[in-house]
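Engineer:
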Amino acid sequence: MRDFIRPKLVASKCLGFAPCRWNAQIISNDFVKLLGKHADFQTVCPEVEIGLGIPRNPIRVVDDHGRLVLYQPATGKDFSKPMEEFCESYLKGVGGVDGFILKGSSPSCGIKNVKIYSGFENPSVKEKGSGFFGKAVVDMFPDLAVEDDERLANVMIREHFLTKLFTIARFREVQMLRDPAELVNFHSDNKFLLMAFSQKELRELGHIVANQKKAGIDEAIRSYRQRLMAAISRPPKKGSMVNALMHIFGYFSEKLSSQEKKFFMDTIDGYRSGKMPLIVSLNLTRSLVTRFGIDYLLRQTILEPYPADLLSFPTYDEDRDYWHF
């Protein structure tokens, strides 16, 4: 297992940290709890921070002739201004974080799928959008790993979020150290991961590393971060991931028997066709890299971009009779 830098995240306080929802409830979230073993959290409840109590009357986002309003139907109060002021002051003071996990569908924290009502007294939903705090986070930190608890239930979204989060955390250390050798090592260790994301960006990042002495370390790090964030902004396509794994395969393919080669290719094809999850191909590749002891490949983050226990799959209760109806 690789040594991972602990990411720094901001999380909605209701996601297992405190009973601060409008109904004074707390939301148990297994993923957030598990991530807490590998990351450091600071928590926030924007609604409590602007003076709304626990419990409290619900608020909603209302479209008032093109202007979005944070409205509390029970009292008729408009909390837009205090929420906007809190968002600006809080997010300006955050600094140094690698990502956010926010409460999905929340009128304050939601980043997507938030109900936007068509009028103050109209119960109909006009469209879906973002909550006030969630939108401010995305606007101020467009490059960071930002997701909500509902979307993270999707395995593909969780994979990308974790890969992005731990990559950003590692690069934060490079920024802090300001050491040319650290930038070289980061680029070298992430070569195949970056290849899977974007071969074009990989080439551009390579040029930045090669020219860092001329540009100076501060400018090289600034330029590298900008291109890195662009490269990992979207999940890699299957074809690009297969291409990266095949490049790794080339390092030891001649040492394999024909049956082992076939098994490897069948596994890759299983991932490409959607019959197997990516983790199967990654684990097989990592086992072969470990078998042949290729140090350069053992350092490649593509084989373990984040702690393996964070991508959990359904488990089964050994004492339960699943065949009984």
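According to the working numbering, the sequence shown is numbered sequentially starting from 743. Even glycine gets a Cβ: it sits at the ideal position worked out from N, Cα and C.
(1) Quick check: Phe-928 and Arg-912, are their CB atoms within less than 8 Å of each other?
(2) Would a C-beta distance cut-off of 8 Å place Ile-747 and Glu-915 closer than the cut-off?
(3) Would you please state the rounded distance, in angstroms, between the beta carbons of Glu-889 and Phe-903? I believe it to be under 8 Å.
(4) Rounded to whole angstroms, what is the Cα-Cα separation between Val-811 and Phe-874?
(5) Which two residues bound the contiguous beta strand (DSSP E) that contains Val-867?
(6) Would Leu-987 and Thr-1032 be called neighbours here (beta carbons separated by less than 8 Å)?
(7) So does the segment 757-774 actually touch the segment 782-799, counting three or more Cβ pairs closer than 8 Å?
(8) Do the CB positions of Ile-853 and Val-867 come within less than 8 Å of each other?
(9) Can you tell me the Cα-Cα spacing of Val-951 and Ala-973, whole angstroms?
(10) Out of curiosity, what's the CA-to-CA distance linking Phe-821 and Glu-863?
(11) Under 8 Å Cβ to Cβ from Lys-1003, same chain only, skipping five residues before and after it: list those, please.
(12) In chain order, what residues of the same chain have a beta carbon less than 7 Å from the beta carbon of Phe-828, not counting five sequence neighbours either side?
(13) What's the C-alpha gap between Lys-933 and Arg-809?
(14) What would DSSP say about Arg-744, mapped onto helix, strand or coil?
(15) Could you spell out where the alpha helix (DSSP H) holding Arg-967 opens and where it closes?
(16) Please state whether the Cβ-Cβ distance between His-780 and Pro-1049 is less than 8 Å.
(17) Could you spell out the range, first to last residue, of the beta strand (DSSP E) harbouring Leu-844?
(18) Buried or exposed: Ser-754, going by 16 or more other Cβ atoms within 10 Å of its Cβ?
(19) Which residues in the same chain as Val-880 place their Cβ atom closer than 8 Å to its Cβ, once the five residues preceding and following it in sequence are excluded?
(20) What ranges does the beta strand (DSSP E) occupy inside the segment 757-787, keeping only unbroken runs of at least 3 residues that lie completely in it?
(21) So, using beta-carbon positions, are Ala-938 and Met-983 closer together than 8 Å?
(22) Cα separation between Gly-758 and Ile-769?
(23) Please check the pair Lys-979 and Tyr-1013, which I expect to be a contact at CB under 8 Å, by giving their CB distance rounded to whole angstroms.
(24) Just the C-alpha distance for Leu-1024 and Phe-883, rounded to the nearest angstrom, thanks.
(25) So for Glu-889, helix, strand or coil by DSSP?
(26) Is Ser-1023 helix, strand or coil when you go by DSSP?
(27) Mapping the DSSP letters down to three states, classify Val-836 as helix, strand or coil.
(28) Based on the DSSP secondary-structure assignment, which residues constitute the bridge partners of Tyr-813?
(29) In the DSSP assignment, find the alpha helix (DSSP H) that holds Leu-944 and state where it starts and stops.
Structural biologist: Taking the structure as given:
(1) Within the sequence shown, the letter at position 186 stands for residue 928. Within the sequence shown, the letter at position 170 stands for residue 912. Contact flag set, yes.
(2) Here residue 747 is taken as the residue at index 5 of the sequence shown, counted from 1. Here residue 915 is taken as the residue at index 173 of the sequence shown, counted from 1. In this structure, Glu-915 lies closer than 8 Å to Ile-747 by Cβ.
(3) Along the sequence shown, read from residue 1 onward, the residue named residue 889 stands at position 147. Along the sequence shown, read from residue 1 onward, the residue named residue 903 stands at position 161. 5 Å between Cβ atoms; contact.
(4) As a working mapping, residue 811 is identified with position 69 in the sequence shown. As a working mapping, residue 874 is identified with position 132 in the sequence shown. The alpha-carbon atoms of Val-811 and Phe-874 are separated by roughly 9 Å.
(5) The residue labelled residue 867 in the question sits at position 125 within the sequence shown. Unbroken beta strand (DSSP E) run through Val-867: 867-871.
(6) Within the sequence shown, the letter at position 245 stands for residue 987. Within the sequence shown, the letter at position 290 stands for residue 1032. Taking 8 Å as the Cβ cut-off, Leu-987 and Thr-1032 do not qualify as a contacting pair.
(7) yes
(8) Residue mapping note: residue 853 aligns to position 111 of the sequence shown, counting from 1. Residue mapping note: residue 867 aligns to position 125 of the sequence shown, counting from 1. Cβ atoms of Ile-853 and Val-867: not closer than 8 Å.
(9) Counting from one through the sequence shown, the residue named residue 951 turns up at place 209. Counting from one through the sequence shown, the residue named residue 973 turns up at place 231. Computed Cα separation, rounded: 15 Å.
(10) By 1-based counting over the sequence shown, the position of residue 821 is 79. By 1-based counting over the sequence shown, the position of residue 863 is 121. Distance between the alpha carbons of Phe-821 and Glu-863: 16 Å.
(11) Here the question's residue 1003 lines up with position 261 in the sequence shown. Excluding residues within five positions, the ones whose Cβ falls inside 8 Å are Ser-995.
(12) Locating residue 828 in the sequence shown gives position 86, counting from the first residue. Contacts found: Pro-788, Glu-791 and Ile-792.
(13) Position 191 of the sequence shown, counted from the first residue, corresponds to residue 933. Position 67 of the sequence shown, counted from the first residue, corresponds to residue 809. Computed Cα separation, rounded: 46 Å.
(14) Residue numbering aside, residue 744 sits at position 2 when the sequence shown is read from its first letter. Arg-744 falls in the coil class under three-state DSSP.
(15) Taking the sequence shown and counting its residues from 1, one reaches residue 967 at position 225. Where Arg-967 is concerned, the enclosing alpha helix (DSSP H) stretches over 959-973.
(16) Looking up residue 780 in the sequence shown gives position 38. Looking up residue 1049 in the sequence shown gives position 307. Yes; because the gap between Cβ atoms is below 8 Å, this pair is in contact.
(17) Working through the sequence shown from its first residue, we reach residue 844 at position 102. Run containing Leu-844: 841-844, per the beta strand (DSSP E) assignment.
(18) Position 12 of the sequence shown, counted from the start, is the residue given in the question as residue 754. With 16 or more other Cβ atoms within 10 Å, it is buried.
(19) As a first step, residue 880 is located in the sequence shown; it is residue number 138 there, counting from the start. Here the set comprises Ile-853, Ser-872 and Val-888.
(20) 782-786
(21) For the purposes of this step, residue 938 is taken as residue 196 along the sequence shown, with counting starting at 1. For the purposes of this step, residue 983 is taken as residue 241 along the sequence shown, with counting starting at 1. Yes; because the gap between Cβ atoms is below 8 Å, this pair is in contact.
(22) Taking the first residue of the sequence shown as position 1, residue 758 is located at position 16. Taking the first residue of the sequence shown as position 1, residue 769 is located at position 27. Looking at the two C-alpha atoms, the distance is approximately 5 Å.
(23) Taking the first residue of the sequence shown as position 1, residue 979 is located at position 237. Taking the first residue of the sequence shown as position 1, residue 1013 is located at position 271. Wrong, their Cβ atoms sit about 12 Å apart, outside the cutoff.
(24) Mapped onto the sequence shown, residue 1024 falls at position 282. Mapped onto the sequence shown, residue 883 falls at position 141. When rounded, the distance between both Cα atoms is 30 Å.
(25) Residue mapping note: residue 889 aligns to position 147 of the sequence shown, counting from 1. In this structure, Glu-889 counts as strand in the three-state DSSP scheme.
(26) Taking the first residue of the sequence shown as 1, we reach residue 1023 at position 281. Helix at Ser-1023.
(27) For the purposes of this step, residue 836 is taken as residue 94 along the sequence shown, with counting starting at 1. Reduced to three states, the DSSP call for Val-836 is coil.
(28) Taking the sequence shown and counting its residues from 1, the one referred to as residue 813 is at position 71. DSSP, once it has assigned bridges, lists Arg-802 and Asp-820 as partnering Tyr-813.
(29) Walking along the sequence shown from the start, residue 944 turns up at place 202. Element bounds for Leu-944: 941-952.
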